[in-house]
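Following: one structure in C-alpha coordinates, then a few remarks.
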Amino acid sequence: MCFLETDDRVRKFFVQVWKICLNSLAFFPILSLVSILGLTLPAFLLSLFFSRDIAFSILEIITFLFLICFYLKLFSKRRLSEIAILTYWCISISTLIIFFLIDLKLVIIFQFALILIYALKYINRFNKFRDFLTKSTESLAFINVFDGIFCGILIYFLQNLNLVESILINVSQYFLTNYGISENQINNWFSILIILILPSILSTIKSIVSIKIFKKVNKVDVPKGRTLWNVYATMFITSFLWYYIYLYYFFSKAMNSETVLVIDILTFILYIVLYSFFWWQIYNMIGYGAKDIKEVIASWLTATMSILLLTVFNQVENELINALSWFLPILIPNLIGEINSQFDTNKYKKKPIRTDKMDRHLYRVQIYCFLTLLMLSIIPKLIEIIWGWKIKVELAKLINSSADWTSEFIASTIIVFFCFILSLIIGRGMIWLLKYFYLDPSKRYYKFEKNKRRKNNV
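So the mapping is simple: the numbering used here equals the position in the sequence shown, first residue as 1, plus 1.
In C-alpha coordinates form, the structure reads like this:
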(Lines of atoms letter the chains of each structure in order from A and count residues from 1; the text may use other names and numbers.)
(Lines give C-alpha, C1' and ligand atoms only; values in the text may rest on other atoms or scores of the structure.)
Protein backbone atom coordinates (compact mmCIF):
# COMPACT_ATOMS: atom_id res chain seq x y z
CA MET A 1 0.00 0.00 0.00
CA CYS A 2 2.84 2.39 0.90
CA PHE A 3 4.55 1.52 -2.37
CA LEU A 4 1.41 2.45 -4.33
CA GLU A 5 1.09 5.77 -2.48
CA THR A 6 4.76 6.56 -3.12
CA ASP A 7 4.38 5.64 -6.78
CA ASP A 8 1.32 7.90 -7.04
CA ARG A 9 3.20 10.82 -5.47
CA VAL A 10 6.11 10.34 -7.88
CA ARG A 11 3.70 10.26 -10.82
CA LYS A 12 1.97 13.47 -9.65
CA PHE A 13 5.38 15.11 -9.19
CA PHE A 14 6.43 14.34 -12.76
CA VAL A 15 3.03 15.49 -14.07
CA GLN A 16 3.53 18.84 -12.30
CA VAL A 17 7.07 19.13 -13.66
CA TRP A 18 5.77 18.38 -17.18
CA LYS A 19 3.07 21.07 -16.84
CA ILE A 20 5.63 23.61 -15.65
CA CYS A 21 7.90 22.79 -18.61
CA LEU A 22 5.01 23.13 -21.07
CA ASN A 23 3.90 26.46 -19.57
CA SER A 24 7.47 27.74 -19.67
CA LEU A 25 7.94 26.76 -23.31
CA ALA A 26 4.55 28.19 -24.30
CA PHE A 27 4.56 31.47 -22.38
CA PHE A 28 8.22 32.35 -21.72
CA PRO A 29 8.75 34.11 -25.09
CA ILE A 30 5.55 36.16 -24.71
CA LEU A 31 6.19 37.09 -21.07
CA SER A 32 9.86 37.92 -21.61
CA LEU A 33 9.18 40.11 -24.63
CA VAL A 34 6.25 41.98 -23.05
CA SER A 35 8.29 42.47 -19.87
CA ILE A 36 11.26 43.86 -21.80
CA LEU A 37 9.04 46.19 -23.83
CA GLY A 38 7.20 47.30 -20.68
CA LEU A 39 10.45 48.20 -18.92
CA THR A 40 12.33 49.71 -21.88
CA LEU A 41 10.49 53.05 -22.01
CA PRO A 42 10.67 53.92 -18.27
CA ALA A 43 14.32 52.77 -18.19
CA PHE A 44 15.12 55.02 -21.16
CA LEU A 45 13.34 58.03 -19.61
CA LEU A 46 15.11 57.57 -16.27
CA SER A 47 18.49 57.23 -18.00
CA LEU A 48 18.04 60.73 -19.45
CA PHE A 49 18.23 62.24 -15.94
CA PHE A 50 20.27 59.73 -13.92
CA SER A 51 23.24 57.44 -14.36
CA ARG A 52 22.66 53.83 -15.46
CA ASP A 53 22.93 52.30 -11.96
CA ILE A 54 20.73 54.93 -10.31
CA ALA A 55 18.14 54.66 -13.09
CA PHE A 56 17.90 50.87 -12.65
CA SER A 57 17.69 51.23 -8.86
CA ILE A 58 14.82 53.72 -9.16
CA LEU A 59 13.08 51.44 -11.66
CA GLU A 60 13.48 48.46 -9.29
CA ILE A 61 11.98 50.41 -6.37
CA ILE A 62 9.06 51.56 -8.54
CA THR A 63 8.48 47.98 -9.75
CA PHE A 64 8.54 46.57 -6.20
CA LEU A 65 6.12 49.24 -4.99
CA PHE A 66 3.91 48.36 -7.91
CA LEU A 67 4.06 44.70 -6.83
CA ILE A 68 2.83 45.70 -3.37
CA CYS A 69 0.03 47.92 -4.72
CA PHE A 70 -0.92 45.26 -7.24
CA TYR A 71 -1.32 42.71 -4.45
CA LEU A 72 -3.27 45.04 -2.14
CA LYS A 73 -5.64 46.32 -4.81
CA LEU A 74 -6.38 43.17 -6.79
CA PHE A 75 -5.61 40.18 -4.60
CA SER A 76 -6.65 41.29 -1.12
CA LYS A 77 -10.31 40.98 -2.19
CA ARG A 78 -9.82 37.46 -3.59
CA ARG A 79 -9.31 34.11 -1.95
CA LEU A 80 -5.96 32.92 -3.17
CA SER A 81 -4.33 29.67 -2.17
CA GLU A 82 -1.49 29.84 0.34
CA ILE A 83 0.91 28.48 -2.29
CA ALA A 84 0.00 31.29 -4.72
CA ILE A 85 0.50 33.99 -2.07
CA LEU A 86 3.74 32.43 -0.82
CA THR A 87 5.11 32.11 -4.36
CA TYR A 88 4.20 35.73 -5.16
CA TRP A 89 6.01 37.16 -2.15
CA CYS A 90 8.98 34.76 -2.31
CA ILE A 91 9.73 35.74 -5.90
CA SER A 92 9.14 39.45 -5.19
CA ILE A 93 11.41 39.62 -2.14
CA SER A 94 14.11 37.27 -3.46
CA THR A 95 14.43 39.22 -6.73
CA LEU A 96 14.65 42.47 -4.73
CA ILE A 97 17.50 41.03 -2.63
CA ILE A 98 19.27 39.64 -5.70
CA PHE A 99 18.98 43.01 -7.46
CA PHE A 100 20.69 45.02 -4.68
CA LEU A 101 23.10 42.45 -3.20
CA ILE A 102 24.29 40.53 -6.27
CA ASP A 103 23.75 43.48 -8.63
CA LEU A 104 21.92 41.33 -11.21
CA LYS A 105 19.76 43.88 -13.03
CA LEU A 106 17.88 41.43 -15.25
CA VAL A 107 15.82 40.06 -12.33
CA ILE A 108 13.55 43.07 -12.74
CA ILE A 109 12.19 41.32 -15.85
CA PHE A 110 10.99 38.42 -13.65
CA GLN A 111 9.15 40.87 -11.38
CA PHE A 112 7.32 42.42 -14.31
CA ALA A 113 6.56 38.95 -15.69
CA LEU A 114 5.19 37.95 -12.26
CA ILE A 115 2.67 40.79 -12.44
CA LEU A 116 1.61 39.67 -15.92
CA ILE A 117 1.20 36.04 -14.82
CA TYR A 118 -0.99 36.85 -11.84
CA ALA A 119 -2.99 39.42 -13.81
CA LEU A 120 -3.76 36.90 -16.56
CA LYS A 121 -4.68 34.24 -14.02
CA TYR A 122 -6.88 36.17 -11.62
CA ILE A 123 -8.31 39.26 -13.38
CA ASN A 124 -11.69 38.58 -15.01
CA ARG A 125 -11.26 40.92 -17.97
CA PHE A 126 -8.56 38.57 -19.28
CA ASN A 127 -10.87 35.53 -19.27
CA LYS A 128 -11.00 35.22 -23.05
CA PHE A 129 -7.25 35.53 -23.44
CA ARG A 130 -6.72 33.15 -20.51
CA ASP A 131 -8.94 30.53 -22.19
CA PHE A 132 -6.93 30.93 -25.38
CA LEU A 133 -3.65 30.38 -23.54
CA THR A 134 -5.01 27.45 -21.52
CA LYS A 135 -6.34 25.60 -24.56
CA SER A 136 -3.28 26.42 -26.68
CA THR A 137 -0.54 25.65 -24.15
CA GLU A 138 0.67 22.41 -25.76
CA SER A 139 0.39 23.78 -29.32
CA LEU A 140 2.19 27.02 -28.45
CA ALA A 141 4.91 25.03 -26.70
CA PHE A 142 5.47 22.96 -29.84
CA ILE A 143 5.40 26.04 -32.12
CA ASN A 144 7.89 27.92 -29.93
CA VAL A 145 10.25 24.93 -29.67
CA PHE A 146 10.00 24.15 -33.40
CA ASP A 147 10.63 27.75 -34.48
CA GLY A 148 13.16 28.20 -31.66
CA ILE A 149 15.29 25.31 -32.97
CA PHE A 150 15.18 26.75 -36.50
CA CYS A 151 16.07 30.25 -35.27
CA GLY A 152 18.81 28.79 -33.05
CA ILE A 153 20.39 27.14 -36.10
CA LEU A 154 20.24 30.46 -37.98
CA ILE A 155 21.87 32.26 -35.02
CA TYR A 156 24.62 29.61 -34.94
CA PHE A 157 25.23 30.17 -38.66
CA LEU A 158 25.37 33.94 -38.11
CA GLN A 159 28.03 33.48 -35.45
CA ASN A 160 30.02 31.11 -37.71
CA LEU A 161 29.73 32.64 -41.18
CA ASN A 162 33.23 31.52 -42.20
CA LEU A 163 32.30 27.90 -41.47
CA VAL A 164 29.10 28.19 -43.53
CA GLU A 165 30.98 29.80 -46.41
CA SER A 166 33.63 27.06 -46.45
CA ILE A 167 30.94 24.32 -46.42
CA LEU A 168 29.14 25.93 -49.38
CA ILE A 169 32.41 26.21 -51.31
CA ASN A 170 33.24 22.56 -50.64
CA VAL A 171 29.74 21.43 -51.73
CA SER A 172 30.02 23.51 -54.91
CA GLN A 173 33.44 22.04 -55.70
CA TYR A 174 32.17 18.49 -55.05
CA PHE A 175 29.27 18.79 -57.51
CA LEU A 176 31.46 20.55 -60.08
CA THR A 177 34.19 17.90 -59.90
CA ASN A 178 32.03 14.76 -59.74
CA TYR A 179 28.96 15.71 -61.74
CA GLY A 180 30.09 18.66 -63.87
CA ILE A 181 27.37 20.94 -62.46
CA SER A 182 28.20 24.62 -62.89
CA GLU A 183 28.20 27.15 -60.08
CA ASN A 184 25.17 28.97 -61.56
CA GLN A 185 23.13 25.76 -61.54
CA ILE A 186 24.11 25.07 -57.94
CA ASN A 187 23.13 28.63 -56.98
CA ASN A 188 19.74 28.16 -58.65
CA TRP A 189 19.17 24.85 -56.85
CA PHE A 190 20.22 26.41 -53.56
CA SER A 191 17.82 29.33 -54.13
CA ILE A 192 14.92 26.95 -54.86
CA LEU A 193 15.82 24.90 -51.75
CA ILE A 194 15.89 27.95 -49.48
CA ILE A 195 13.00 29.90 -51.03
CA LEU A 196 10.54 27.09 -51.74
CA ILE A 197 11.38 23.60 -50.48
CA LEU A 198 12.67 24.32 -46.94
CA PRO A 199 9.84 26.71 -45.92
CA SER A 200 7.28 24.32 -47.43
CA ILE A 201 8.56 21.30 -45.48
CA LEU A 202 8.85 23.21 -42.20
CA SER A 203 5.41 24.84 -42.64
CA THR A 204 3.78 21.48 -43.38
CA ILE A 205 5.27 19.82 -40.28
CA LYS A 206 4.46 22.80 -38.07
CA SER A 207 0.85 23.08 -39.30
CA ILE A 208 -0.06 19.39 -39.12
CA VAL A 209 1.55 18.69 -35.74
CA SER A 210 0.37 21.84 -33.91
CA ILE A 211 -3.26 21.52 -35.09
CA LYS A 212 -3.32 17.78 -34.32
CA ILE A 213 -1.99 18.52 -30.81
CA PHE A 214 -4.72 21.14 -30.31
CA LYS A 215 -7.42 18.75 -31.55
CA LYS A 216 -6.22 15.95 -29.29
CA VAL A 217 -5.84 18.08 -26.14
CA ASN A 218 -9.18 19.88 -26.56
CA LYS A 219 -11.01 16.84 -27.99
CA VAL A 220 -12.06 18.61 -31.18
CA ASP A 221 -14.24 16.27 -33.23
CA VAL A 222 -14.58 16.69 -37.00
CA PRO A 223 -17.90 15.16 -38.21
CA LYS A 224 -18.03 13.08 -41.36
CA GLY A 225 -18.41 15.21 -44.48
CA ARG A 226 -16.77 18.22 -42.86
CA THR A 227 -13.12 19.28 -42.75
CA LEU A 228 -10.56 21.70 -41.30
CA TRP A 229 -8.68 22.10 -44.60
CA ASN A 230 -9.05 25.88 -44.45
CA VAL A 231 -7.42 25.89 -41.01
CA TYR A 232 -4.48 23.80 -42.23
CA ALA A 233 -4.12 25.94 -45.37
CA THR A 234 -4.20 29.19 -43.39
CA MET A 235 -1.56 27.99 -40.96
CA PHE A 236 0.61 26.63 -43.76
CA ILE A 237 0.53 29.97 -45.59
CA THR A 238 1.20 32.09 -42.49
CA SER A 239 4.01 29.75 -41.42
CA PHE A 240 5.48 29.86 -44.92
CA LEU A 241 5.55 33.67 -44.87
CA TRP A 242 7.01 33.66 -41.35
CA TYR A 243 9.90 31.42 -42.39
CA TYR A 244 10.57 33.93 -45.15
CA ILE A 245 10.86 36.61 -42.46
CA TYR A 246 13.31 34.47 -40.47
CA LEU A 247 15.40 33.82 -43.60
CA TYR A 248 15.25 37.46 -44.74
CA TYR A 249 16.64 38.62 -41.39
CA PHE A 250 19.33 35.93 -41.54
CA PHE A 251 20.52 36.81 -45.06
CA SER A 252 20.37 40.57 -44.42
CA LYS A 253 22.66 40.11 -41.40
CA ALA A 254 24.89 37.60 -43.17
CA MET A 255 25.49 39.91 -46.14
CA ASN A 256 26.35 42.85 -43.88
CA SER A 257 28.53 40.62 -41.64
CA GLU A 258 27.35 42.68 -38.66
CA THR A 259 25.87 40.44 -35.99
CA VAL A 260 25.32 41.02 -32.28
CA LEU A 261 24.31 37.84 -30.47
CA VAL A 262 21.95 39.49 -27.97
CA ILE A 263 20.18 41.53 -30.65
CA ASP A 264 19.81 38.47 -32.88
CA ILE A 265 18.30 36.42 -30.04
CA LEU A 266 15.86 39.19 -29.04
CA THR A 267 14.87 39.77 -32.68
CA PHE A 268 14.09 36.11 -33.29
CA ILE A 269 12.17 35.91 -29.99
CA LEU A 270 10.15 38.91 -31.18
CA TYR A 271 9.30 37.13 -34.44
CA ILE A 272 8.36 33.92 -32.59
CA VAL A 273 6.08 35.85 -30.23
CA LEU A 274 4.43 37.76 -33.07
CA TYR A 275 3.45 34.47 -34.69
CA SER A 276 1.22 33.86 -31.64
CA PHE A 277 -1.18 36.41 -33.14
CA PHE A 278 -1.54 34.19 -36.21
CA TRP A 279 -2.11 31.20 -33.95
CA TRP A 280 -4.93 33.22 -32.34
CA GLN A 281 -6.57 33.35 -35.77
CA ILE A 282 -6.09 29.58 -36.19
CA TYR A 283 -7.59 29.08 -32.74
CA ASN A 284 -10.66 31.12 -33.69
CA MET A 285 -11.05 29.28 -37.00
CA ILE A 286 -11.05 25.93 -35.18
CA GLY A 287 -13.59 27.36 -32.74
CA TYR A 288 -15.92 28.27 -35.60
CA GLY A 289 -16.08 24.57 -36.44
CA ALA A 290 -15.33 22.37 -39.42
CA LYS A 291 -16.65 23.39 -42.83
CA ASP A 292 -18.52 21.30 -45.37
CA ILE A 293 -16.03 19.61 -47.72
CA LYS A 294 -17.95 20.60 -50.87
CA GLU A 295 -18.10 24.22 -49.72
CA VAL A 296 -14.36 24.27 -49.02
CA ILE A 297 -13.51 22.73 -52.41
CA ALA A 298 -15.79 25.24 -54.16
CA SER A 299 -14.15 28.17 -52.36
CA TRP A 300 -10.67 26.89 -53.24
CA LEU A 301 -11.63 26.47 -56.90
CA THR A 302 -13.08 30.00 -56.95
CA ALA A 303 -9.92 31.45 -55.40
CA THR A 304 -7.70 29.51 -57.81
CA MET A 305 -9.68 30.66 -60.85
CA SER A 306 -9.61 34.27 -59.61
CA ILE A 307 -5.84 34.15 -59.10
CA LEU A 308 -5.24 32.64 -62.54
CA LEU A 309 -7.56 35.21 -64.13
CA LEU A 310 -5.70 38.05 -62.43
CA THR A 311 -2.44 36.48 -63.59
CA VAL A 312 -3.64 36.55 -67.20
CA PHE A 313 -4.76 40.19 -66.81
CA ASN A 314 -1.38 41.02 -65.28
CA GLN A 315 0.37 39.40 -68.24
CA VAL A 316 -1.72 41.21 -70.83
CA GLU A 317 -1.84 44.74 -69.50
CA ASN A 318 -1.00 46.17 -66.09
CA GLU A 319 -3.36 49.16 -66.56
CA LEU A 320 -6.26 46.69 -66.53
CA ILE A 321 -5.34 45.79 -62.94
CA ASN A 322 -5.50 49.48 -61.99
CA ALA A 323 -8.96 49.77 -63.54
CA LEU A 324 -10.19 46.59 -61.84
CA SER A 325 -8.96 47.81 -58.44
CA TRP A 326 -11.54 50.61 -58.61
CA PHE A 327 -14.44 49.08 -60.52
CA LEU A 328 -14.52 45.44 -59.36
CA PRO A 329 -15.22 46.20 -55.64
CA ILE A 330 -18.14 48.38 -56.79
CA LEU A 331 -19.52 45.65 -59.06
CA ILE A 332 -19.26 42.83 -56.49
CA PRO A 333 -22.43 43.80 -54.51
CA ASN A 334 -24.40 43.52 -57.74
CA LEU A 335 -22.66 40.43 -59.10
CA ILE A 336 -22.98 38.41 -55.89
CA GLY A 337 -25.45 40.28 -53.71
CA GLU A 338 -28.17 40.42 -56.36
CA ILE A 339 -27.81 36.86 -57.65
CA ASN A 340 -31.13 36.05 -55.95
CA SER A 341 -32.82 38.10 -58.69
CA GLN A 342 -32.03 35.21 -61.06
CA PHE A 343 -33.92 32.72 -58.91
CA ASP A 344 -36.81 31.00 -60.67
CA THR A 345 -39.85 32.06 -58.59
CA ASN A 346 -42.20 30.11 -60.86
CA LYS A 347 -40.47 26.85 -59.99
CA TYR A 348 -40.17 27.43 -56.24
CA LYS A 349 -42.65 29.06 -53.87
CA LYS A 350 -40.09 30.69 -51.57
CA LYS A 351 -37.81 33.47 -52.78
CA PRO A 352 -34.26 33.74 -51.33
CA ILE A 353 -33.67 36.90 -49.30
CA ARG A 354 -30.25 38.29 -48.40
CA THR A 355 -29.17 37.51 -44.84
CA ASP A 356 -26.69 39.04 -42.40
CA LYS A 357 -24.25 36.32 -43.39
CA MET A 358 -24.38 37.48 -47.03
CA ASP A 359 -23.84 41.11 -45.93
CA ARG A 360 -20.75 40.11 -43.95
CA HIS A 361 -19.52 38.01 -46.87
CA LEU A 362 -19.92 40.88 -49.35
CA TYR A 363 -18.17 43.31 -47.01
CA ARG A 364 -15.16 41.02 -46.63
CA VAL A 365 -15.00 40.14 -50.35
CA GLN A 366 -15.02 43.84 -51.28
CA ILE A 367 -12.15 44.59 -48.89
CA TYR A 368 -10.07 41.56 -49.89
CA CYS A 369 -10.68 42.19 -53.60
CA PHE A 370 -9.71 45.86 -53.39
CA LEU A 371 -6.60 45.16 -51.28
CA THR A 372 -5.44 42.33 -53.57
CA LEU A 373 -5.65 44.54 -56.65
CA LEU A 374 -4.09 47.45 -54.77
CA MET A 375 -1.17 45.30 -53.57
CA LEU A 376 -0.75 43.97 -57.11
CA SER A 377 -0.35 47.55 -58.35
CA ILE A 378 1.82 48.88 -55.53
CA ILE A 379 4.21 46.09 -54.46
CA PRO A 380 6.01 45.57 -57.82
CA LYS A 381 6.44 49.36 -58.12
CA LEU A 382 7.79 49.64 -54.55
CA ILE A 383 10.28 46.82 -55.14
CA GLU A 384 11.45 48.52 -58.34
CA ILE A 385 11.83 51.89 -56.56
CA ILE A 386 13.61 50.54 -53.46
CA TRP A 387 15.84 47.79 -54.90
CA GLY A 388 15.70 48.50 -58.63
CA TRP A 389 14.28 45.04 -59.41
CA LYS A 390 11.52 44.22 -61.82
CA ILE A 391 10.16 41.48 -59.63
CA LYS A 392 8.32 39.57 -62.36
CA VAL A 393 11.41 39.48 -64.57
CA GLU A 394 13.69 38.43 -61.70
CA LEU A 395 11.32 35.64 -60.63
CA ALA A 396 11.00 34.43 -64.22
CA LYS A 397 14.81 34.26 -64.54
CA LEU A 398 15.01 32.37 -61.25
CA ILE A 399 12.46 29.82 -62.50
CA ASN A 400 14.03 29.53 -65.94
CA SER A 401 17.12 31.37 -67.15
CA SER A 402 15.62 31.76 -70.63
CA ALA A 403 12.64 33.67 -69.12
CA ASP A 404 10.06 32.36 -71.59
CA TRP A 405 6.29 32.90 -71.48
CA THR A 406 5.71 29.93 -69.14
CA SER A 407 8.20 31.14 -66.53
CA GLU A 408 6.72 34.67 -66.69
CA PHE A 409 3.23 33.24 -66.19
CA ILE A 410 4.41 31.23 -63.15
CA ALA A 411 6.16 34.34 -61.80
CA SER A 412 2.95 36.37 -62.22
CA THR A 413 1.00 33.62 -60.44
CA ILE A 414 3.41 33.74 -57.49
CA ILE A 415 3.11 37.54 -57.28
CA VAL A 416 -0.70 37.46 -57.44
CA PHE A 417 -0.85 34.68 -54.83
CA PHE A 418 1.47 36.61 -52.51
CA CYS A 419 -0.64 39.78 -52.91
CA PHE A 420 -3.80 37.78 -52.24
CA ILE A 421 -2.39 36.33 -49.00
CA LEU A 422 -1.10 39.75 -47.95
CA SER A 423 -4.54 41.26 -48.58
CA LEU A 424 -6.16 38.60 -46.36
CA ILE A 425 -3.78 39.45 -43.51
CA ILE A 426 -4.13 43.23 -43.92
CA GLY A 427 -7.90 42.95 -44.50
CA ARG A 428 -8.50 41.01 -41.29
CA GLY A 429 -6.42 43.54 -39.40
CA MET A 430 -8.42 46.40 -40.93
CA ILE A 431 -11.75 44.76 -40.08
CA TRP A 432 -10.64 44.18 -36.49
CA LEU A 433 -9.51 47.80 -36.09
CA LEU A 434 -12.68 49.20 -37.67
CA LYS A 435 -14.84 47.00 -35.41
CA TYR A 436 -12.80 48.09 -32.39
CA PHE A 437 -13.16 51.81 -33.13
CA TYR A 438 -16.70 51.98 -34.53
CA LEU A 439 -18.70 49.10 -33.00
CA ASP A 440 -18.12 50.07 -29.39
CA PRO A 441 -21.58 51.03 -27.98
CA SER A 442 -20.02 53.68 -25.72
CA LYS A 443 -18.75 55.65 -28.75
CA ARG A 444 -22.29 55.89 -30.18
CA TYR A 445 -21.30 55.67 -33.83
CA TYR A 446 -24.12 53.12 -34.26
CA LYS A 447 -27.50 52.73 -32.66
CA PHE A 448 -27.89 49.18 -31.36
CA GLU A 449 -31.28 47.55 -31.85
CA LYS A 450 -32.69 44.05 -31.62
CA ASN A 451 -31.63 41.96 -34.62
CA LYS A 452 -34.87 41.23 -36.50
CA ARG A 453 -33.10 39.21 -39.21
CA ARG A 454 -31.40 36.78 -36.85
CA LYS A 455 -33.57 33.85 -37.93
CA ASN A 456 -32.42 34.29 -41.51
CA ASN A 457 -28.77 34.41 -40.54
CA VAL A 458 -27.75 30.96 -41.63
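Heads up, the beta-carbon is just placed ideally off N, CA and C, and yes, glycines get one too.
How is residue i classed by DSSP in three states: helix, strand or coil?
| i | result |
| --- | --- |
| Thr178 | helix |
| Thr228 | strand |
| Asp222 | coil |
| Ser443 | helix |
| Asp360 | helix |
| Asp293 | strand |
| Pro353 | coil |
| Thr260 | coil |
| Ile187 | helix |
| Lys13 | helix |
| Phe71 | helix |
| Ser52 | coil |
| Leu34 | helix |
| Ile492 | Shown here, the chain extends from 2 to 459; a query on residue 492 therefore has no answer. |
| Thr205 | helix |
| Lys20 | helix |
| Glu61 | helix |
| Phe101 | helix |
| Gly288 | helix |
| Ile94 | helix |
| Leu107 | coil |
| Lys448 | coil |
| Asp265 | helix |
| Asn341 | helix |
Roughly how many angstroms separate the alpha carbons of residue i and residue j, rounded to a whole number?
| i | j | result |
| --- | --- | --- |
| Leu169 | Phe28 | 37 Å |
| Lys136 | Phe215 | 7 Å |
| Phe113 | Leu267 | 17 Å |
| Ile333 | Leu383 | 28 Å |
| Tyr247 | Leu107 | 27 Å |
| Gly149 | Ile270 | 8 Å |
| Thr228 | Phe133 | 22 Å |
| Trp301 | Glu166 | 42 Å |
| Phe111 | Ile337 | 54 Å |
| Thr356 | His362 | 10 Å |
| Tyr447 | Leu440 | 7 Å |
| Ile426 | Val274 | 17 Å |
| Thr303 | Glu395 | 28 Å |
| Asn188 | Val261 | 28 Å |
| Ile59 | Tyr89 | 21 Å |
| Tyr180 | Ile415 | 32 Å |
Classify residue i as buried or exposed, calling it buried when 16 or more other Cβ atoms lie within 10 Å of its own Cβ.
| i | result |
| --- | --- |
| Thr96 | buried |
| Trp243 | buried |
| Ala299 | exposed |
| Leu68 | buried |
| Ser258 | exposed |
| Asn335 | exposed |
| Lys20 | exposed |
Which residue wins for smallest C-alpha separation from residue i, given the options the options?
| i | options | result |
| --- | --- | --- |
| Met236 | Met286, Cys370 and Ala255 | Met286 |
| Ile331 | Val366, Ile340 and Asn341 | Val366 |
| Leu87 | Ile98, Ile99, Tyr72 and Phe100 | Tyr72 |
| Tyr119 | Ile98, Ser93, Ile99 and Glu139 | Ser93 |
| Ser208 | Ala234, Trp190 and Val218 | Ala234 |
| Asn185 | Ile196, Ser173 and Lys225 | Ser173 |
| Tyr250 | Val16, Tyr364, Phe151 and Gly181 | Phe151 |
Tell me whether residue i counts as near the ligand SAH, meaning its Cβ is closer than 7 Å to at least one heavy atom of that ligand.
| i | result |
| --- | --- |
| Leu177 | Although the ligand SAH was asked about, the structure shown includes no ligands whatsoever. |
Indicate whether at least one CB of chain D lies closer than 8 Å to the CB of residue i.
| i | result |
| --- | --- |
| Val261 | Absence of chain D from the displayed structure is noted, only one protein chain being present. |
Which residue spans inside the stretch 109–175 form an unbroken alpha helix (DSSP H) run of at least 4?
128–160
Counting only runs of 3+ residues fully inside the stretch 367–432, write out the beta strand (DSSP E) ranges in chain order.
none
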